[in-house]
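Residue numbers (the working numbering), protein chains in the order written: chain A, -1 to 436; chain P, 52 to 672. Note that CB positions come from ideal geometry on N, CA and C, so glycine has one too. Bear in mind that the values here come from a model prediction, so they are computed numbers and not experimental data. This report refers to the structure that appears directly beneath it.
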Amino acid sequence: MSDGAPVDPWVRARSLPMGTVVLVRTSDGREWKGAVVPPHELSGDRILQLKLASGYNVGIRVGDSDRIEVVGAAPTNGNGSPRPTSRPPARGGEGWVALLTTGGTIASRVDYRTGGVRPVREESEILGFYPDLDRDGPVRVVPVFDRLSEEIGPPDWEEMARRTVDAFSQGARGVVIAHGTDTLAYTSAALSFLLENLPGPVVVVGAQRSPDRPSSDGFTNMAAAVRLARHPEIGEVVVVMHDGLSDDRFAIHRGTRVRKMHSSRRDAFRSRNGPPIGWIEGSTVHLARPFRARSEGLAVYSGPMGTAAAVLWFQPGLEPSRAEAYVAGAAGVIIAGTGLGHVALNHLPWIRAAIARGTTVAMTTQCLEGVADPFVYATGRELSRAGVVYLGDMLPETAYTKLLWALGRSQDPAVVRDLLLAPRAGEVEPRHDAEDHP
Amino acid sequence: MKAGLEVHQQLATGKLFCACPAELSETVVRTVSRRLRATGGENHAIDAAAAFQAARNLTYEYEATPTSCLVELDEEPPHALNPDALDVALTMALLLDARPLDEIEVMRKIVVDGSNTSGFQRTALVAVDGRLEVAGKTYSIPTICLEEDAARKVGESKDGVRYRLDRLGIPLVEIATGPEISSGPEARAVAEELGILLRATGRVRRGIGSIREDVNVSTDGGARVELKGVQELRRIHQYVQGEVDRQNALLAAASTLRTRSARVSDDAPVDVSELLRGRATGALGEALKRGGVVLGIGLPGFGGLLAPPDGSKERLGRELADRARSSGVRGLFHSDEVPAQGVEGDLVTSLRARLGADGDSDAFVLVAAPDSEAAGRALTAVRGRAREAVEGVPEETRDPLPDGRTRYSRPLPGRDRMYPETDVPPIPVPAERLRALRARLPPHPKEVRARLVAAHGVSEEVARTLQRDGEVERFDSLVAKGHGAGLTAQLLAREIPATGDTEDPFQFPLDLLDQLLATVERGEFAKEGLGPVVAALAGGAPTVRDAVAKAGLASMSREALAALAESLVTKNAELVAAKGAGAFSPLMGDLMREVRGRRDGQEVAEVLRETLAKRASTGAT
Chain A
-1 MSDGAPVDPW
9 VRARSLPMGT
19 VVLVRTSDGR
29 EWKGAVVPPH
39 ELSGDRILQL
49 KLASGYNVGI
59 RVGDSDRIEV
69 VGAAPTNGNG
79 SPRPTSRPPA
89 RGGEGWVALL
99 TTGGTIASRV
109 DYRTGGVRPV
119 REESEILGFY
129 PDLDRDGPVR
139 VVPVFDRLSE
149 EIGPPDWEEM
159 ARRTVDAFSQ
169 GARGVVIAHG
179 TDTLAYTSAA
189 LSFLLENLPG
199 PVVVVGAQRS
209 PDRPSSDGFT
219 NMAAAVRLAR
229 HPEIGEVVVV
239 MHDGLSDDRF
249 AIHRGTRVRK
259 MHSSRRDAFR
269 SRNGPPIGWI
279 EGSTVHLARP
289 FRARSEGLAV
299 YSGPMGTAAA
309 VLWFQPGLEP
319 SRAEAYVAGA
329 AGVIIAGTGL
339 GHVALNHLPW
349 IRAAIARGTT
359 VAMTTQCLEG
369 VADPFVYATG
379 RELSRAGVVY
389 LGDMLPETAY
399 TKLLWALGRS
409 QDPAVVRDLL
419 LAPRAGEVEP
429 RHDAEDHP
Chain P
52 MKAGLEVHQQ
62 LATGKLFCAC
72 PAELSETVVR
82 TVSRRLRATG
92 GENHAIDAAA
102 AFQAARNLTY
112 EYEATPTSCL
122 VELDEEPPHA
132 LNPDALDVAL
142 TMALLLDARP
152 LDEIEVMRKI
162 VVDGSNTSGF
172 QRTALVAVDG
182 RLEVAGKTYS
192 IPTICLEEDA
202 ARKVGESKDG
212 VRYRLDRLGI
222 PLVEIATGPE
232 ISSGPEARAV
242 AEELGILLRA
252 TGRVRRGIGS
262 IREDVNVSTD
272 GGARVELKGV
282 QELRRIHQYV
292 QGEVDRQNAL
302 LAAASTLRTR
312 SARVSDDAPV
322 DVSELLRGRA
332 TGALGEALKR
342 GGVVLGIGLP
352 GFGGLLAPPD
362 GSKERLGREL
372 ADRARSSGVR
382 GLFHSDEVPA
392 QGVEGDLVTS
402 LRARLGADGD
412 SDAFVLVAAP
422 DSEAAGRALT
432 AVRGRAREAV
442 EGVPEETRDP
452 LPDGRTRYSR
462 PLPGRDRMYP
472 ETDVPPIPVP
482 AERLRALRAR
492 LPPHPKEVRA
502 RLVAAHGVSE
512 EVARTLQRDG
522 EVERFDSLVA
532 KGHGAGLTAQ
542 LLAREIPATG
552 DTEDPFQFPL
562 DLLDQLLATV
572 ERGEFAKEGL
582 GPVVAALAGG
592 APTVRDAVAK
602 AGLASMSREA
612 LAALAESLVT
622 KNAELVAAKG
632 AGAFSPLMGD
642 LMREVRGRRD
652 GQEVAEVLRE
662 TLAKRASTGA
672 T
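Here it is, written out as structure tokens:
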């Protein structure tokens, strides 16, 4: 910057600390006074956002001959830096529940400064958000990591599983895992395979609405999850989320049988190929189906996960070469086939070749309901003869996590196949009622 | 004293953030129940209003209708801001000479009374610094906003409130004036002119509830208070004066409290049920009989300030009672009411001792409720108000009451309650968009009025009425068909509005009006009969002919008229003999009433004069 060269007012505006009060005089004689706030990610070019005294934000285009004058410093508390309402956690006492936080909407806050979503880490912050949580007994918060759930991967499932085992071994009655909803069902399925011999419930819970909103479902979901985590009999991984659009009823889903079926509704999570295990209404837990009972021993970690698995969603017109390129190098593939588990037969050659190389190829249905069955149509029979493993009514996502888990136990395709087919955590349901389809 | 007006007008474009129509509905498709938590938006500084509402622990029931969708149920993210609605807001900005922003940022305003399923209202500032000229005076228009209307309340119980989602999401254009209005007629004129401008856009909803007015009162030394939903603007003067009186009374009380160094403690309320049992009557006694409790707190220093001796209507005691009421408990009793409800004599002494309010300048407050939790909550609210009383006058939102007073509604929204609505991207307002709107700008109502006056000879007042009721287009069309401007104006600006402003007003289609005017012009009935015929049509007469018959206006022949005049003159022979031609006036009134529009007034006058003249010339009979 040379002497005498005027600073572009836009550049100057962007360099000011958030909350600085400025007076902007535009070249057409207009005047604006307000506090500088972060621009929206999608704001236009040279648009300065100011918060007026009324609380409204305005977007003003800053021209190069406009003038910006600082008339007030940013407030020392940061003009919007979060002042968390926090409480110190209650300590000690029998029957504590561990609350593992992994990020996600349910344990995040909108950061006024960056405009982004920031995970909540501190125990007291969480309890400030969810003050009812320890109403029935102590809750200890265990921050595990901070991830949007679409960023989570198998190593994170392993970490969650290990921390769950740790919590139980330290005496927790039950474990709640706060998680983003996008991949929550993948996690609940993965944990169902990574955890054995559970001495209490493992409840995975999320929120479809962020907790800065008064209407957030997180409040009631979290309370229901903690309540269920104290259940004296359950010993498996379940998901608890809204059942229906009111705040008074929650479904308990088996971790391997649930899927996010709507991008935004509170009741997005639905058990597939059968109803949920039960419901929570008020303080009542009602269990309607058989569940795994808790064990008297220690929880066991049965990881690690394997690697190199993929899910292939078949479409009409999919070139076999494209599919082959996609699965090249994979140790296992879950195909979400059409109908009872079909693909176009011009895919047979690469499937056979993959199986010959030792890749496990397993079939599920992209209908997401009903069974994949190899015997009804010729296509299925051909695929089955070629060595494709048909997985009944297992969900594609659940099959994917089970495949990874199996690959973590063995590289031998025959063993992997047997593991895939052996029922382990309720991931396959042999009996289907007419009333099951929602 | 000065007041500002805030007009909220519903738009007839679709809803603001979804694809639903902007229509109310009586069909309930499903009902969901929700709880709302106190949050401070992104700052998590839970503000007074939000905490206050949430503390009531209410359940809200929401009725979904065919005109609401998942967005209103808070189950789907909002869609992009309705561009038609924004065009209307920008058009208003141009008509009011206001500056639109370069980029519009939608905000969330936390509202925790349950009237928004998400717990906040989406609102955006669109333009600033406009002005409006009415009757030669210029008013500032500081802001023009575009926001969504709230769900409408359809029921209430002690556990919660029931809302219907049909109204939620209907776009509102909010236009605020500066505090420059000082009389009722002035407020009405400003509101009317704004209404006319809004209707000129052609995109506003009509009917009851489609436009709402709030009044903001700012007084010197006092506080800014919002009066929500003032129904009769001509009473604005009464409300503003009432507010000034109220605030002055509160300022005087504050001064006394400070002199007495009054301070409000945080001590727990005391359960005085046993002291009162068997002695208290009235509301306190009733509550105890029903198994409730009475709790109390002392307010040292507040003695005599809760109900000042001059009996003025505005008193601190009422403010405390209003706070208790809004936390769900009716029935606050304070020491300035003594003796009442059986609280007298030694009982007062005991109460004062128990509540730490022994001195003459101390007061105490009792609250009766079904249980101590409810009573405790009410007393916490009362204590909060007592603290504010020491400071002065709190900023509030108040409800106007029919008698010209106001009642506490809820705390004024603070700026902490607004934060960006990140689900909706910001909306640029490029110059091209404004140019296109300017090219399509409806003619300014002033120009329209001038044209009507100049071209058709109607009065300025009639022109304004036509505009106010949105009848200019139809007026023009009927006049273009050849009907007389005067008669058409009478029909549209007087007779039709006279049929009343009901829930479901009768709609007069254009061809019916055409027929009606033609019928009068053919002489089938006189123009004086227009009113009754219009009323008969509004009352259900299926055709103009039927309406004419129903109104008893089947034409009267000239002979019949003459006969009627004759018989009237005969009946009033004495009057006629005494006054001669001077009998014309009283008899004209009587005759017109008899004729009831079946013949033209001028003709009736002519016939009566003839009849009187004949009588005079032939002498008494």
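Using the C-alpha atoms, what's the distance from residue j back to residue i?
i: P/GLU442; j: P/VAL499; result: 52 Å
i: P/LYS279; j: P/GLU294; result: 13 Å
i: P/ARG213; j: A/GLY101; result: 35 Å
i: A/GLY61; j: P/ALA251; result: 35 Å
i: A/GLY337; j: A/GLY385; result: 19 Å
i: P/GLU511; j: P/LEU62; result: 27 Å
i: A/PRO15; j: P/THR307; result: 45 Å
i: P/ALA319; j: P/ILE348; result: 8 Å
i: P/GLY170; j: A/VAL256; result: 29 Å
i: A/ILE278; j: A/ARG270; result: 19 Å
i: P/GLY379; j: P/LEU137; result: 39 Å
i: P/GLU575; j: P/HIS507; result: 25 Å
i: A/GLU375; j: A/PRO347; result: Glu is not the amino acid found at residue 375 of chain A; the sequence shown has Tyr there. If I take the Cα positions, the gap works out to 19 Å.
i: P/PHE353; j: P/ALA313; result: 7 Å
How about residue i and residue j: do their beta carbons lie closer than 8 Å?
i: A/PRO394; j: A/ILE332; result: yes
i: A/ALA223; j: A/VAL200; result: no
i: P/ALA613; j: P/THR662; result: yes
i: P/LEU503; j: P/ALA514; result: yes
i: A/GLY216; j: A/THR363; result: no
i: A/ALA96; j: A/VAL163; result: no
i: P/GLU447; j: P/VAL276; result: yes
i: P/ALA238; j: P/PRO193; result: no
Applying a beta-carbon distance threshold of less than 7 Å, which residues of chain P neighbour residue i?
i: A/ILE45; result: ASP153, GLU154
i: A/HIS240; result: Per Cβ cutoff of 7 Å: no residues; A/HIS240 is ~10 Å from chain P at best.
i: A/LEU40; result: PRO476, PRO477
i: A/ARG28; result: ARG150
Name the chain P residues whose beta carbon is nearer than 8 Å to that of residue i?
i: A/ILE58; result: LEU152, ASP153, GLU154
Along chain P, which residues have their Cβ under 9 Å away from the Cβ of residue i?
i: A/ASP134; result: Residues of chain P passing the Cβ test: none, with the nearest at roughly 18 Å.
I'd like to know whether the C-beta of residue i is nearer than 8 Å to at least one C-beta of chain P.
i: A/ASP245; result: yes
i: A/LEU125; result: no
i: A/SER262; result: yes
i: A/ARG65; result: no
i: A/TYR54; result: yes
i: A/ALA71; result: no
In chain A, what lies closer than 8 Å to residue i by C-beta?
i: P/THR448; result: Those do not exist, as P/THR448 stays about 15 Å from chain A at its closest Cβ, beyond 8 Å.
i: P/ILE161; result: PRO212
i: P/PHE171; result: ARG211, PRO212
Hey, is residue i's beta-carbon within less than 8 Å of any beta-carbon in chain A?
i: P/LEU87; result: yes
i: P/VAL212; result: no
i: P/LEU176; result: yes
i: P/THR168; result: yes
i: P/ASP125; result: yes
i: P/PRO222; result: no
Residues of chain A with a CB under 9 Å from the CB of residue i: which are they?
i: P/MET143; result: Here the premise fails: no neighbours, minimum Cβ distance about 17 Å.
Please tell me whether, using a cut-off of 7 Å, the distance from the CB of residue i to the nearest non-hydrogen atom of the ligand ADP is below it.
i: P/ALA202; result: For the ligand ADP, the structure offers nothing, since it holds no ligand at all.
*asked:* Can you pull out the residues from the stretch 372 to 384 of chain P whose beta carbon lies closer than 8 Å to at least one beta carbon of chain A?
replied: Residues: none.
_Closer than 7 Å between beta carbons: that is the criterion. Which residues of the stretch 175 to 186 of chain A meet it against chain P?_
Under the 7 Å Cβ criterion, the stretch 175 to 186 of chain A contributes no residue.
*Of all the residues that make up the stretch 211 to 226 of chain A, which are near chain P by a beta-carbon distance shorter than 8 Å?*
Correct list: ARG211, PRO212, SER213, SER214, PHE217, THR218.
*Scan the stretch 478 to 494 of chain P for residues whose Cβ lies nearer than 7 Å to a Cβ of chain A and list them as they occur along the chain.*
Here the close residues are PRO479.
*asked:* By the 7 Å beta-carbon criterion, what residues does the stretch 627 to 660 of chain P contribute toward chain A?
replied: So the list is empty, because no residue satisfies the distance condition.
*the stretch 58 to 83 of chain P: positions lying closer than 9 Å to chain D by Cβ*: Judged by its chain identifiers, the structure shown contains no chain D, and its protein chains are A and P.
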